[in-house]
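Enquirer: According to the working numbering, the stretch in the sequence shown is residues 72 to 246, in order.
Here a beta-carbon is modelled for each residue, glycine too, at the ideal position from N, C-alpha and C.
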Amino acid sequence: MPAKQKFSPKARSATRQRVLQALYQWQLTGQDIQLIESQFIDDPAIENEQAIENEPDTENDLDMRQADIPYFQRLLQGIPEQVEQLDTAFAPFLDRSISRIDPIELAILRIGCYELTHSPDIPFKVVISEAVELAKQFGATQSYKYVNGILDKLARPDKSRPHYRNKTRAGNVDK
Numbered sequence: 072m073p074a075k076q077k078f079s080p081k082a083r084s085a086t087r088q089r090v091l092q093a094l095y096q097w098q099l100t101g102q103d104i105q106l107i108e109s110q111f112i113d114d115p116a117i118e119n120e121q122a123i124e125n126e127p128d129t130e131n132d133l134d135m136r137q138a139d140i141p142y143f144q145r146l147l148q149g150i151p152e153q154v155e156q157l158d159t160a161f162a163p164f165l166d167r168s169i170s171r172i173d174p175i176e177l178a179i180l181r182i183g184c185y186e187l188t189h190s191p192d193i194p195f196k197v198v199i200s201e202a203v204e205l206a207k208q209f210g211a212t213q214s215y216k217y218v219n220g221i222l223d224k225l226a227r228p229d230k231s232r233p234h235y236r237n238k239t240r241a242g243n244v245d246k
């Protein structure tokens, strides 16, 4: 059995950005999630490496070659499949109905909630920090505070998570 490939925190961050974009597209268009997934994975930028090499490498360059594709697929398949359960999990912490949540914030909350409930190997503080960074980059001016508050309340009651007390070992933190 081949060893599981380990991806860098930067790769996981790039993956979350792409998942956010894909979920946003799904939420607004209602397109089939398989179609959206193929649009991202079959991105011509992956196939045309020479073109990518000639483009400026910016922090916001979301080249799928940098992403953890299996994790992208796991999130992108899992979140829509369990959207009702995810929404139900964080709904008690909202100050308004889910239908009134900004689509970017909603996608970020769904990603964070999914990771909190399905990725016990990722410390909850990492999940929240990554969600806050997504909100800062893509959300409204103060949305990061809203996302932080909701995910923090959602994560705190679950003391069964291995990293609840942030006892992570150096080099073992998975973003």
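For my contact list, Ala160 and Leu225 are in at a C-beta cut-off of 8 Å; report their separation, rounded to the angstrom.
Expert: If you number the sequence shown from 1, residue 160 lands on position 89. If you number the sequence shown from 1, residue 225 lands on position 154. Right, the Cβ-Cβ distance comes to about 6 Å (below 8 Å), so this counts as a contact.
Enquirer: Given a cut-off of 7 Å, decide if Gly183 and Leu222 are closer than it, judged by their beta-carbon atoms.
Expert: For the purposes of this step, residue 222 is identified with residue 151 of the sequence shown, where counting begins at 1. For the purposes of this step, residue 183 is identified with residue 112 of the sequence shown, where counting begins at 1. Cβ atoms of Leu222 and Gly183: closer than 7 Å.
Enquirer: Can you name the start and end residues of the alpha helix (DSSP H) that Ser168 belongs to?
Expert: The count along the sequence shown starts at 1 and reaches residue 168 at position 97. No alpha helix (DSSP H) holds Ser168; DSSP gives it neither H nor E.
Enquirer: Taking only three categories from DSSP, how would you classify Thr212?
Expert: Taking the first residue of the sequence shown as 1, we reach residue 212 at position 141. Three-state DSSP puts Thr212 in coil, outside helix and strand.
Enquirer: Out of Arg89, Gly220 and Tyr95, state which residue places its alpha-carbon closest to the alpha-carbon of Asp113.
Expert: Position 42 of the sequence shown, counted from the first residue, corresponds to residue 113. For the residues Arg89, Gly220 and Tyr95, the minimum Cα distance to Asp113 belongs to Arg89.
Enquirer: Looking only at its chain, what residues have a beta carbon closer than 7 Å to the beta carbon of Leu99, apart from the 5 residues adjacent to it on each side?
Expert: The sequence position of residue 99 within the sequence shown is 28, counting from 1. Cβ within range, chain order: Pro174.
Enquirer: Just mark Gly101 as buried or exposed, buried being the case when its beta carbon has 16 or more other beta carbons within 10 Å.
Expert: Indexing the sequence shown from 1 puts residue 101 at position 30. The residue is exposed, with fewer than 16 neighbouring Cβ atoms inside 10 Å.
Enquirer: Identify, in the order they occur along the chain, each residue of the same chain with its Cβ nearer than 7 Å to the Cβ of Asn219, setting aside the five sequence neighbours on each side.
Expert: Residue 219 sits at position 148 when you count from the first residue of the sequence shown. Same-chain partners within the cutoff: Ile199 and Val203.
Enquirer: Any idea if Glu152 is buried or exposed, counting beta-carbon neighbours within 10 angstroms, 16 or more meaning buried?
Expert: Position 81 of the sequence shown, counting from 1, holds the residue named residue 152. Exposed, because fewer than 16 other Cβ atoms sit within 10 Å of the Cβ of Glu152.
Enquirer: Quick one: what's got a C-beta closer than 7 Å to Ala178's C-beta in the same chain, skipping five residues either side?
Expert: Here the question's residue 178 lines up with position 107 in the sequence shown. Correct list, in chain order: Leu91, Leu94, Tyr95 and Gln98.
Enquirer: Might you give, ordered along the chain, the residues of its own chain that have their beta carbon closer than 7 Å to the beta carbon of Tyr217, omitting 5 neighbours on each side?
Expert: If you number the sequence shown from 1, residue 217 lands on position 146. Excluding residues within five positions, the ones whose Cβ falls inside 7 Å are Glu176.
Enquirer: DSSP state of Asp223, grouped into three classes?
Expert: The sequence position of residue 223 within the sequence shown is 152, counting from 1. Asp223 falls in the helix class under three-state DSSP.
Enquirer: Just reading off the alpha helix (DSSP H) that Asp158 is part of, what are its end residues?
Expert: As a working note, residue 158 is residue 87 in the sequence shown. Run containing Asp158: Val154 to Phe161, per the alpha helix (DSSP H) assignment.
Enquirer: For Ala211, which residues of its own chain have a beta-carbon under 7 Å away from its beta-carbon, when the five flanking residues on both sides are left out?
Expert: Within the sequence shown, numbered from 1, the residue matching residue 211 stands at position 140. Around Ala211: Asp173.
Enquirer: Helix or strand or just coil, what does DSSP make of Ala93?
Expert: Residue mapping note: residue 93 aligns to position 22 of the sequence shown, counting from 1. Correct three-state label for Ala93: helix.
Enquirer: Do Arg181 and Ile150 count as a contact pair if the criterion is CB distance below 7 Å?
Expert: Along the sequence shown, read from residue 1 onward, the residue named residue 150 stands at position 79. Along the sequence shown, read from residue 1 onward, the residue named residue 181 stands at position 110. A contact, by the Cβ cut-off of 7 Å.
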